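What follows is a short report on a single structure.
Protein chains in written order, with the working numbering: chain A, 478 to 648; chain B, 11 to 656.
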């Protein structure tokens, strides 16, 4: 059922009239929530940006979910990257020390290797993700949308109703 | 920018924050329970947790931490824990508490439900702690655990005595059979040898031909005895007879020599009765030893009562202490010597890198804990200071000072955990006076083989020093008021053990533990009672074994002594016969020879006398003749003179 929900969400977004760039940006921002380990302060900050910027919220949450699954694979790499930045780069030591000892910031757990590493990976993946997702949305809408609309599962989802509600909300 | 979402966003954040604040108690309670379970490996229960934002205080009521080694007891429980956090460090995710109060602490209280964690959770925790298995302290604990398994839980000596007892019972009246014994066969051989010796030596005596060789002496003597010596002519006539007698003397002496040699040979051949007896007794002893072996009488065990009584429990207590010291070092690590001055702790899926600032407080600090509670019936109170995750930054060691008294009982705990430098130094001292003997944790305390500890009281002084990877621990225990249990009649082993303990109403025990990196753990337990008990058990054990041997000896003697006495009698009779015979021959020969010698001397003396007499007569006559001659000469001279001057 979980996978069905994910599929429903993806198809809903793809079959809507939302701007591909908004979808892509939202999806890419979702990486900042999905890749790092769960942390309330991080979620609040990223959620703020997701809400305030003109990006698709659903795509952001979708991206968050998908990147959360990918984090199983990226965590070891994130640990190494985080360790490199936090420990090996000596010139950053004073900066980290200052950051660590000021209020609120420590709640972000930036000093955790996987947390920082994941953030860096999300940042590095941001532009490529936006480009790829945008291209995919465009391609899908041009070539695959009509075929998929004929699938029985689409009728099951009753997507036409969702399209209109979704469009209204986004506009 | 979607500014219209700013207010909804704030509302959402506000709602979430309020939700978190409202349910903060629940969240914190859950966090406390899960972190407690991770640390103690057993269930942690919290009755109530209340937070108050006005002073950032937290009050925890009825906290109970189960004992993972005894899941139906609590490791400790507290009635109330209360503290407030400093606000400023809290903004930087630093939990600094100026003063915490812990009230109503109890140890080892019984639980209504099991304190064991569900198997899945336990497995997860064990998996986490598996990484620590190669740590120095883990190895020490594993080594001690192995030593503890091999410590004897019950008194081996009682088992050995029981075994000896069983062995004793095996000796029935027909345990020893004649065919099993070597001694009767040896006695038979001995008898045959005696007969051979007798025959051989009889022949030896016969071959001396004493009577034959004496005969010339006695006949010469007879002849000489018939001599009449009064004049010099008699002397001349006696000379050949005397010569003949004299000539028999060398032969006589030779005969005596031969007899003496033969006598020595006979005595040597037979040997002394004592030697024979010794030989037979040795054969008997060998038979008894062999039969004793058959019984499998156990050898005398080495007694280490202290090890048997206290070893197992104090190994486990040492283990627990090492575990908590290792825990303290894990959560309050010493500053490591590395190019980074950062503390690195495994957290989440990665590592937390701490960036302490000398001017900033550590991430976690409790400056002072005022603690009070009860142990047994001792109300204690004390202070623990400076618990922190970064002792090197704080610059002060953690100190523990707890004391309590109740009448004769007293408790004193002092400790210093100094992790401010690279090498951690932990010292701990616990003194407990007036502890009930039953609380010592003695293995098999109700064993019938031990005295009763019911009304005893103990004093414990435990001191431990953990410097780097070196451990030195010493526990001294003095238990007084032991009482020997009443023994039901018929139970001999219990009676024996009761005798062993009689008069011993106190025991002093010292348990030592030392360990260095690269060396095996050394653990020893000894007591002043060991030597006394060892001596007594040696005596009793020896008596039991001796009793078993006596029984066997008795049976062997019954079978063997008759034959032995017969053989000895025969030996002595035959030996006496031969030695008497040769003795009589010897005395006969000596008598004859002495007689002959005496005769020779007599005759020679007589001859000498006669010769002297003759000589003196002749001298007298000569003198007389000389005098006469002189007189005559004188007269003639006178006449001559007269005639000359006429």
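C-beta atoms are modelled at their ideal positions from N, C-alpha and C, and glycine is treated no differently.
Small disclaimer: the values here were computed from a predicted structure and weren't measured.
Cutting at 8 Å between CB atoms, please list the residues of its own chain near residue 602/B, excluding the five before and the five after it. Your numbering for residue 602/B matches position 592 in the second chain. 224, 227, 228, 231, 262.
Which residues of the region 552-563 of chain A have a Cβ closer than 8 Å to any Cβ of chain B? Give them in chain order. 552, 555, 556, 559, 560, 563
Name the one or two DSSP bridge partners that residue 115/B has. For the purposes of this step, residue 115/B is taken as the residue at position 105 of the second chain. Bridge partners of residue 115/B: 383/B.
Own chain residues within Cβ distance below 6 Å of residue 403/B, not counting five before or after: Stepping through the second chain from its first residue, residue 403/B is reached at position 393. Excluding residues within five positions, the ones whose Cβ falls inside 6 Å are 366, 372.
Residues of chain B with a CB under 8 Å from the CB of residue 584/A: which are they? Translated into the one-based positions of the first chain, residue 584/A becomes position 107. Going along chain B in sequence order, the residues near residue 584/A (Cβ under 8 Å) are 103.
Could you check which residue in 515/B, 122/B, 202/B has the C-alpha nearest to that of residue 576/B? Walking along the second chain from the start, residue 576/B turns up at place 566. Checking every option, the nearest Cα to that of residue 576/B belongs to 202/B.
Selected residue, minimal CA-CA separation from residue 494/B, among 570/B, 406/B, 513/B: The residue you call residue 494/B lines up with position 484 of the second chain. Checking every option, the nearest Cα to that of residue 494/B belongs to 513/B.
Looking at chain B, which residues of the region 523-555 of chain A have a Cβ within less than 8 Å of any of its Cβ atoms? 524, 525, 528, 529, 530, 531, 552, 555
Neighbour list for residue 364/B in chain A, Cβ cutoff strictly below 8 Å: The residue you call residue 364/B lines up with position 354 of the second chain. What residue 364/B touches in chain A: 577, 588.
Check for me: the beta strand (DSSP E) holding residue 411/B runs from which residue to which? Locating residue 411/B in the second chain gives position 401, counting from the first residue. Counting along the chain, the beta strand (DSSP E) containing residue 411/B begins and ends at 408-416.
Residue 542/A beta carbon less than 7 Å from that of residue 650/A: Only positions 478 to 648 of chain A appear in the structure, and residue 650/A is not among them; the question remains open.
Starting from residue 422/A, find everything on chain B with Cβ-Cβ shorter than 8 Å and list it in chain order. The requested residue 422/A is not part of the displayed model; chain A covers only 478 to 648.
For residue 431/B, is the classification buried or exposed, using 16 other Cβ atoms within 10 angstroms of its Cβ as the cut-off for buried? Position 421 of the second chain holds residue 431/B. By the 10 Å Cβ count, residue 431/B comes out exposed.
Count the other C-beta atoms from every protein chain shown that fall within 10 angstroms of the C-beta of residue 362/B, then say buried if there are 16 or more, exposed otherwise. Here the question's residue 362/B lines up with position 352 in the second chain. Answer is buried; the Cβ neighbour count reaches 16.
Any contact between the region 80-98 of chain B and the region 14-22 of chain B? By contact I mean 3 or more CB pairs, one from each, below 8 Å. no
Excluding the 5 residues flanking residue 349/B on each side, which residues of the same chain have their C-beta closer than 6 Å to its C-beta? Walking along the second chain from the start, residue 349/B turns up at place 339. Any answer about residue 349/B is weak, because its pLDDT of 45 lies below 50 and its placement is not dependable; what the coordinates show is given next. Contacts found: none.
Bridge partners of residue 392/B, per DSSP? Reading the second chain from its first residue, position 382 is the one you call residue 392/B. Answer is 381/B, 412/B, bridged to residue 392/B.
Please state whether DSSP places residue 443/B in a helix, a strand or coil. Against the second chain, residue 443/B aligns to sequence position 433. Three-state result, residue 443/B: strand.
Curious, which full-length alpha helix (DSSP H) runs of at least 4 residues does the region 578-606 of chain B contain? none
Which of helix, strand or coil DSSP assigns to residue 483/A: Working through the first chain from its first residue, we reach residue 483/A at position 6. Residue 483/A falls in the helix class under three-state DSSP.
In or out: residue 267/B buried (at least 16 other Cβ within 10 Å) or exposed? For this step, residue 267/B is matched to residue 257 along the second chain. So residue 267/B counts as exposed.
I believe residue 651/A touches residue 595/A by the beta-carbon criterion, under 8 Å. Please report the beta-carbon distance rounded to the nearest angstrom. For residue 651/A there is no data in the structure shown, the boundaries of chain A being 478 and 648.
Three-pair Cβ contact test at 8 Å for the region 129-136 of chain B versus the region 406-423 of chain B: no
Which same chain residues, not among the five before or five after residue 584/A, have their C-beta less than 6 Å away from its C-beta? Stepping through the first chain from its first residue, residue 584/A is reached at position 107. So the qualifying residues of the chain are 518.
Does any residue of chain A have a CB that is nearer than 7 Å to the CB of residue 367/B? As a working note, residue 367/B is residue 357 in the second chain. Yes, contact with chain A.
Residues near residue 200/B in its chain [Cβ-Cβ closer than 8 Å; skip 5 each side]: Along the second chain, one-based indexing puts residue 200/B at 190. Excluding sequence neighbours, residue 200/B sits near 286, 289, 290, 577, 581.
Range covered by the beta strand (DSSP E) that runs through residue 14/B: As a first step, residue 14/B is located in the second chain; it is residue number 4 there, counting from the start. Segment: none, residue 14/B is in no beta strand (DSSP E) and carries neither H nor E.
So residue 335/B and residue 533/B are supposed to be a Cβ contact under 8 Å. How far apart are they, rounded? Start at 1 with the first residue of the second chain, and residue 335/B comes out as number 325. Start at 1 with the first residue of the second chain, and residue 533/B comes out as number 523. No, residue 335/B and residue 533/B are not in contact; Cβ-Cβ is about 16 Å, not under 8 Å.
Could you tell me whether any Cβ in chain B is nearer than 7 Å to the Cβ of residue 521/A? Taking the first chain and counting its residues from 1, one reaches residue 521/A at position 44. Output row for residue 521/A: interface = yes.
Cut-off 8 Å between Cβ atoms - residues of its own chain near residue 523/A, not counting five sequence neighbours on either side: As a first step, residue 523/A is located in the first chain; it is residue number 46 there, counting from the start. The answer, listed in chain order, is 506, 509, 510.
Would you identify the three-state DSSP class for residue 276/B, choosing helix, strand or coil? Position 266 of the second chain, counted from the first residue, corresponds to residue 276/B. Helix.
For residue 473/B, which of 546/B, 21/B, 425/B, 123/B has the nearest alpha-carbon? Counting from one through the second chain, the residue named residue 473/B turns up at place 463. It is 425/B whose Cα lies nearest to the Cα of residue 473/B.
Within 7 Å of any Cβ in chain A, is that where the Cβ of residue 488/B sits? Within the second chain, numbered from 1, the residue matching residue 488/B stands at position 478. Taking Cβ atoms only, chain A never reaches closer than 7 Å to residue 488/B, which makes this a no.
Roughly how many angstroms separate the alpha carbons of residue 468/B and residue 325/B, rounded to a whole number? The residue labelled residue 468/B in the question sits at position 458 within the second chain. The residue labelled residue 325/B in the question sits at position 315 within the second chain. The alpha-carbon atoms of residue 468/B and residue 325/B are separated by roughly 18 Å.
Go through its chain and collect everything with a Cβ distance to residue 510/B's Cβ below 7 Å, but skip five positions before and after it. Position 500 of the second chain holds residue 510/B. Answer for residue 510/B: 543, 546, 547, 550, listed in chain order.
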